[in-house]
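A.B. asks: Got a structure for you, questions after.
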Amino acid sequence: MKASTFLAFGAVTLGLFGYTLCQLAGRTPTRERPAEVARAAAAKKSGDDGPRAYRDPRDERDARDTLAIALRSRLERALEAPEEPPPLPAPNDRLEAETAFEVVMDKIEGLADKGDAVSKRRRKRLYRAANDAFAALSNHLDGQNPHDLAALEQAHVRLKVMLREIDAGPPGS
Numbered sequence: 015m016k017a018s019t020f021l022a023f024g025a026v027t028l029g030l031f032g033y034t035l036c037q038l039a040g041r042t043p044t045r046e047r048p049a050e051v052a053r054a055a056a057a058k059k060s061g062d063d064g065p066r067a068y069r070d071p072r073d074e075r076d077a078r079d080t081l082a083i084a085l086r087s088r089l090e091r092a093l094e095a096p097e098e099p100p101p102l103p104a105p106n107d108r109l110e111a112e113t114a115f116e117v118v119m120d121k122i123e124g125l126a127d128k129g130d131a132v133s134k135r136r137r138k139r140l141y142r143a144a145n146d147a148f149a150a151l152s153n154h155l156d157g158q159n160p161h162d163l164a165a166l167e168q169a170h171v172r173l174k175v176m177l178r179e180i181d182a183g184p185p186g187s
């Protein structure tokens with residue numbers, strides 16, 4: 015091949031590489047998208063840009079439902095994936111933390127109600143997802159508030175019972 019052909023291919027390759035970098039630089043990471051979708055839906059309905067600026071309880075319920083759908087989908091994909099990504103994105107506020115915990119607990123309750131055998135790999139991932147969701151919930155609840163403290167204790171009991179139901183324990187056990 016001629017040197018001019020190599021130069022042309024090199025220029026095209028360099029151009030494509032630069033274009034790809036420019037396109038990827040503007041994207042948000044995939045793990046943040048479900049939360050952004052829920053926040054955008056809530057902000058669109060309320061007409062406000064604030065994450066918790068709900069004017070009507072129905073708006074909060076709609077935002078919670080939208081977030082739950084996104085988190086269920088993410089959890090299901092994470093449980094089936096061959097690699098070990100975090101099952102759910104880290105929640106940014108209390109609404110996301112509560113919804114993530116509910117989604118994981120609902121998934122575990124569904125598996126426990128079916129009574130089917132759960133593989134060791136799946137139990138391990140469910141254990142991690144449940145503990146991550148509980149940790150996020152405990153970070154967003156106020157331990158000085160009696161209502162939050164009671165909710166946290168109730169969530170902890172529910173976590174232990176549900177993990178026992180599917181025989182999920184800490185890694186290495």
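Note that the working numbering has the sequence shown beginning at 15, numbered continuously upward.
Glycine included, every Cβ here is placed at the ideal spot set by N, Cα and C.
Just reading off the alpha helix (DSSP H) that S152 is part of, what are its end residues?
C.D. replies: It spans K134 to H154 - the alpha helix (DSSP H) in which S152 sits, taken as one unbroken run.
A.B. asks: For a quick check, are the C-beta atoms of V117 and L151 less than 9 Å apart?
C.D. replies: Contact: no.
A.B. asks: Grouping DSSP H, G and I as helix and E and B as strand, with all else coil, what is T34?
C.D. replies: Correct three-state label for T34: helix.
A.B. asks: Grab me the residues of F148's own chain with a C-beta within less than 8 Å of its C-beta, minus the 5 sequence neighbours each way, in chain order.
C.D. replies: If we look at F148 and ignore the five residues flanking it on each side, its Cβ neighbours are F115, A169, H170 and L173.
A.B. asks: What's the gap between the Cα of S133 and the Cα of L140?
C.D. replies: In a straight line, the C-alpha of S133 is about 10 Å away from that of L140.
A.B. asks: I need the DSSP call for K11, collapsed to helix, strand or coil.
C.D. replies: Any question about residue 11 goes unanswered here, given that the chain covers just 15 to 187.
A.B. asks: From what residue to what residue does the alpha helix (DSSP H) around D73 run?
C.D. replies: Element bounds for D73: P71 to E94.
A.B. asks: Thinking C-alpha only, which one of R136, D107 and L109 is nearest K121?
C.D. replies: For K121, the nearest C-alpha among the options comes from R136.
A.B. asks: Taking R108 as the reference, which of R88, A77 and L177 has the closest Cα?
C.D. replies: Taking only the C-alpha atoms, the option nearest R108 is A77.
A.B. asks: With distances taken between CB atoms, is the gap from P105 to T113 smaller than 9 Å?
C.D. replies: Taking 9 Å as the Cβ cut-off, P105 and T113 qualify as a contacting pair.
A.B. asks: If we call anything under 9 Å between Cβ atoms a contact, is K138 one with A92?
C.D. replies: No, they are not a contact pair.
A.B. asks: Is there at least one Cβ from chain C nearer than 9 Å to V26's Cβ?
C.D. replies: Structure shown: chain C not included; a single protein chain is present.
A.B. asks: CA-CA distance, A165 and E94?
C.D. replies: When rounded, the distance between both Cα atoms is 31 Å.
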